[in-house]
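**Q**
Protein chains: 2
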Amino acid sequence: MRLKRVVLERLMRYHRFLSQTTASKPIQTITSAQIAEALDIDPTQVRKDFGAIGLVGIGRVGYQVEDVCCAVRTVMGFDKENPAVLIGVGQLGGALLTYPGFEKYGLSITAVFDSDPAKTGRSKAGHTIRSIRSLKPYIRKHDIMLAILCTPVEVSQTIADRLVSVGIKAIWNFTPTDLAVPPDVLVRDEHISLGLSEIAYHLKQ
Amino acid sequence: MRLKRVVLERLMRYHRFLSQTTASKPIQTITSAQIAEALDIDPTQVRKDFGAIGLVGIGRVGYQVEDVCCAVRTVMGFDKENPAVLIGVGQLGGALLTYPGFEKYGLSITAVFDSDPAKTGRSKAGHTIRSIRSLKPYIRKHDIMLAILCTPVEVSQTIADRLVSVGIKAIWNFTPTDLAVPPDVLVRDEHISLGLSEIAYHLKQ
DNA sequence: GACCAATCGTGATATATTTCACATATTCAG
DNA sequence: CTGAATATGTGAAATATATCACGATTGGTC
Chain H
98 MRLKRVVLER
108 LMRYHRFLSQ
118 TTASKPIQTI
128 TSAQIAEALD
138 IDPTQVRKDF
148 GAIGLVGIGR
158 VGYQVEDVCC
168 AVRTVMGFDK
178 ENPAVLIGVG
188 QLGGALLTYP
198 GFEKYGLSIT
208 AVFDSDPAKT
218 GRSKAGHTIR
228 SIRSLKPYIR
238 KHDIMLAILC
248 TPVEVSQTIA
258 DRLVSVGIKA
268 IWNFTPTDLA
278 VPPDVLVRDE
288 HISLGLSEIA
298 YHLKQ
Chain V
98 MRLKRVVLER
108 LMRYHRFLSQ
118 TTASKPIQTI
128 TSAQIAEALD
138 IDPTQVRKDF
148 GAIGLVGIGR
158 VGYQVEDVCC
168 AVRTVMGFDK
178 ENPAVLIGVG
188 QLGGALLTYP
198 GFEKYGLSIT
208 AVFDSDPAKT
218 GRSKAGHTIR
228 SIRSLKPYIR
238 KHDIMLAILC
248 TPVEVSQTIA
258 DRLVSVGIKA
268 IWNFTPTDLA
278 VPPDVLVRDE
288 HISLGLSEIA
298 YHLKQ
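Each protein sequence line maps, in turn, to chains H and V. For reference, each letter of the first sequence is one residue, going 98 to 302 in the numbering used here. For reference, each letter of the second sequence is one residue, going 98 to 302 in the numbering used here.
1) Output yes or no for whether 7 angstroms exceeds the beta carbon distance between V:Ile132 and V:Val162.
2) Counting C-beta neighbours from all protein chains within 10 Å, is the total for V:Asp211 16 or more, i.e. buried, or is it exposed?
3) Do the stretch 261-281 of chain H and the stretch 161-179 of chain V meet, that is, are 3 or more Cβ pairs less than 8 angstroms apart?
4) Rounded to a whole number of angstroms, what is the C-alpha to C-alpha distance between V:Ile296 and H:Phe175?
5) Please classify V:Val250 as buried or exposed, where buried requires at least 16 neighbouring CB atoms within 10 angstroms.
6) When you compare each of V:Gly264, V:Lys266, V:Ile245, V:His299 to H:Ile289 by their alpha carbons, which one comes out closest?
7) Measure the alpha-carbon distance for V:Ala215 versus H:Asn270 and round it to whole angstroms.
8) Taking all protein chains shown into account, decide if H:Val103 is buried (16 or more other Cβ within 10 angstroms of its Cβ) or exposed.
9) Using DSSP with H/G/I as helix, E/B as strand and the rest coil, what is H:Gln161?
10) DSSP on V:Phe175, reduced to helix/strand/coil?
11) Closer than 6 angstroms: is that where the CB of H:Gly174 sits relative to any heavy atom of the ligand ADP?
12) Identify which residue in H:Thr195, H:Thr217, H:Glu178 has its Cα closest to the Cα of H:Ser228.
13) Hey, would you say H:Leu300 sits closer than 7 angstroms to V:Met242, going by beta carbons?
14) So if I threshold CB-CB distances at 7 angstroms, which residues from the stretch 264-282 of chain H count as touching chain V?
15) Which residues in chain H have a C-beta closer than 7 angstroms to the C-beta of V:Ile203? List them in chain order.
16) Under a CB-based cut-off of 7 angstroms, is H:Thr171 close to chain V?
17) Helix, strand or coil: how does DSSP classify V:Phe147 here?
18) So H:Ala181 and H:Ile206 are in contact, right, with Cβ under 8 angstroms, and what is the actual spacing, rounded?
19) Is the CB of H:Gly292 under 7 angstroms away from at least one CB in chain V?
20) Within 10 Å of its beta-carbon, does V:Val172 have 16 or more other beta-carbons around it, so buried, or fewer, so exposed?
21) Starting from the beta carbon of V:Glu251, find every residue of chain H whose beta carbon is closer than 7 angstroms, and list them in chain order.
22) Within this structure, are the beta carbons of H:Glu287 and V:Gly292 separated by less than 7 angstroms?
23) Cα-Cα, which of H:Ser121, H:Pro123, H:Asp137, H:Met98 is closest to H:Tyr111?
24) Cutting at 8 angstroms between CB atoms, please list the residues of its own chain near V:Leu152, excluding the five before and the five after it.
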């Protein structure tokens with residue numbers, strides 16, 4: 098069965114926790130209770146999640162840490178290369194370009210685009226900024242499936258439409274827009290205003 | 098009753114949608130069905146969410162757009178000033194400093210800190226970077242409740258502990274760490290790896 | 001003013017998610 | 001080898017969330 102978003106997010110937390118833990122103190126195995134305690138999750142939940150990705154533990158012992166990490170990475174698809182394009186090299190786009198953690202997840206930004214003629218041709222973080230007009234041919238030629246969207250709000254839907262028309266399969270949306278796309282295209286929103294709302298509400302209490 | 102996180106997120110989507118819509122074409126009222134259609138949500142859900150924040154609509158007409166926006170902003174606490182400190186002026190921290198959208202939500206970054214002596218004293222986006230050693234006295238003196246955490250992973254928990262000990266009430270966590278804090282302190286995680294996992298999984302299918 | 005169509009408000013229903021409870025399996029001690 | 005202790009794995013129960021169904025209310029039309 099297709100894994101739900103909440104499950105994927107928990108799997109990531111397990112993975113991160115185990116990576117951090119083993120980095121400081123190498124351990125072979127871990128129990129669902131230990132993970133649950135650290136991440137403030139119910140132990141049963143941990144076991145069910147593990148079961149969902151085919152992990153089996155050992156009674157009285159727990160799970161092989163190595164196996165867990167491996168299984169999560171495989172299920173997520175981090176072992177596959179995912180070339181991506183980044184569109185809009187503003188402050189945020191620039192910050193993402195230099196983010197060092199992407200390769201760990203199989204993501205590599207292979208080209209960056211911007212509609213500002215003053216930027217095109219220039220170089221940023223080792224990438225030559227291309228004109229937005231070369232976006233379509235590039236995606237077609239290299240069979241890109243993922244686009245990272247960092248444009249101003251005004252053009253984000255327009256760019257999204259172009260991306261869809263040329264066959265993109267996922268859009269990582271850093272613009273504060275609710276994009277309209279066909280159901281087979283995944284949009285993952287990374288609006289920080291959502292986080293801000295939770296914080297502001299908490300502080301008001 | 099205390100609003101749930103999912104409700105808050107939907108309220109934000111309504112608010113953003115209405116802001117965008119009215120910006121291009123001024124309208125007085127809107128129906129739950131119209132909002133639901135645009136955001137791919139059930140109309141009943143919209144009405145229940147509105148009911149939860151005390152909004153009442155009019156039969157055959159819908160809701161006053163103005164009222165909705167106003168109610169959301171009030172409930173969220175965007176009408177109150179929220180001074181915040183930002184810790185860790187790297188790529189991401191720098192990008193956040195120049196983000197123009199915060200004031201709309203009542204958030205203002207009043208001071209920025211970094212532990213790198215090479216950075217302290219310098220200026221970035223209109224802020225003088227302070228030494229991390231002045232963090233505690235600053236928070237105490239100005240009664241700051243919110244911290245934006247953009248430090249390297251290695252020190253994030255240490256800084257979080259210091260923040261908690263000096264009375265911070267919410268941490269907006271941009272570092273890929275599961276922070277351990279007392280239950281009365283809100284941590285909102287903004288790990289982009291979570292989004293990445295959803296994308297990688299989708300692309301693998 | 002009376003009727004019709006469209007919309008809200010909400011209890012009931014359905015679905016999804018989390019937690020509980022316990023049988024089963026494994027380790028360790030004596 | 002046996003028994004006690006501690007894990008897992010999973011069906012059942014509880015909780016949370018979303019959707020349906022429908023009465024109540026409003027605005028427009030004749």
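C-beta atoms are modelled at their ideal positions from N, C-alpha and C, and glycine is treated no differently. Keep in mind the model is a prediction, meaning the values are calculated, not measured.
**A** Quick look at the numbers:
1) Here residue 132 of chain V is taken as the residue at index 35 of the second sequence, counted from 1. Here residue 162 of chain V is taken as the residue at index 65 of the second sequence, counted from 1. The answer is no: Cβ separation not under 7 angstroms.
2) Here residue 211 of chain V refers to the residue found at position 114 of the second sequence. Classification for V:Asp211: buried.
3) With contact defined as three or more Cβ pairs closer than 8 angstroms, the stretch 261-281 of chain H and the stretch 161-179 of chain V are not in contact.
4) In the second sequence, residue 296 of chain V corresponds to position 199, counting from 1. In the first sequence, residue 175 of chain H corresponds to position 78, counting from 1. In a straight line, the C-alpha of V:Ile296 is about 10 angstroms away from that of H:Phe175.
5) By one-based count along the second sequence, residue 250 of chain V stands at place 153. Its Cβ having fewer than 16 others within 10 Å, V:Val250 is exposed.
6) As a first step, residue 289 of chain H must be located in the first sequence, where it is residue number 192. Comparing Cα-Cα distances from H:Ile289 to each of V:Gly264, V:Lys266, V:Ile245, V:His299, the minimum goes to V:Ile245.
7) By 1-based counting over the second sequence, the position of residue 215 of chain V is 118. By 1-based counting over the first sequence, the position of residue 270 of chain H is 173. Taking the straight line joining both Cα atoms gives about 34 angstroms.
8) Translated into the one-based positions of the first sequence, residue 103 of chain H becomes position 6. That one is exposed.
9) Counting from one through the first sequence, the residue named residue 161 of chain H turns up at place 64. Reduced to three states, the DSSP call for H:Gln161 is strand.
10) As a working mapping, residue 175 of chain V is identified with position 78 in the second sequence. For V:Phe175, the three-state secondary structure derived from DSSP is coil.
11) This structure lacks the ligand ADP; in fact it carries no ligand of any kind.
12) Within the first sequence, the letter at position 131 stands for residue 228 of chain H. Closest by alpha carbon: H:Thr217.
13) For the purposes of this step, residue 300 of chain H is identified with residue 203 of the first sequence, where counting begins at 1. For the purposes of this step, residue 242 of chain V is identified with residue 145 of the second sequence, where counting begins at 1. Against a cut-off of 7 angstroms, the Cβ pair of V:Met242 and H:Leu300 comes out as a contact.
14) In summary, the residues of the stretch 264-282 of chain H whose CB is separated from some CB of chain V by less than 7 angstroms are Lys266, Ala267, Trp269, Pro273, Asp275, in the order they occur in the chain.
15) Taking the second sequence and counting its residues from 1, the one referred to as residue 203 of chain V is at position 106. Residue identity check: residue 203 of chain V is Gly in the sequence provided, not Ile. Here the neighbours are Ala297.
16) Here residue 171 of chain H corresponds to residue number 74 of the first sequence, with the count starting at 1. Put simply, the CB of H:Thr171 is far from chain V, with every gap to its CB atoms at 7 angstroms or more.
17) Position 50 of the second sequence, counted from the first residue, corresponds to residue 147 of chain V. DSSP places V:Phe147 in helix when its eight states are reduced to three.
18) Numbered from its first residue, the first sequence carries residue 181 of chain H at position 84. Numbered from its first residue, the first sequence carries residue 206 of chain H at position 109. Confirmed, Cβ separation roughly 5 angstroms.
19) Along the first sequence, one-based indexing puts residue 292 of chain H at 195. Judged by the 7 angstroms Cβ criterion, H:Gly292 is in contact with chain V.
20) Along the second sequence, one-based indexing puts residue 172 of chain V at 75. Buried, by the Cβ-count rule.
21) Numbered from its first residue, the second sequence carries residue 251 of chain V at position 154. Per Cβ cutoff of 7 angstroms: no residues; V:Glu251 is ~10 angstroms from chain H at best.
22) Along the first sequence, one-based indexing puts residue 287 of chain H at 190. Along the second sequence, one-based indexing puts residue 292 of chain V at 195. With a cutoff of 7 angstroms on beta-carbon distance, H:Glu287 and V:Gly292 are scored as near each other.
23) Position 14 of the first sequence, counted from the start, is the residue given in the question as residue 111 of chain H. Distances from the CA of H:Tyr111 to each of H:Ser121, H:Pro123, H:Asp137, H:Met98 were compared; the closest alpha carbon is that of H:Asp137.
24) Locating residue 152 of chain V in the second sequence gives position 55, where the first residue counts as 1. The residues are Tyr160, Asp164, Val165, Ala168.
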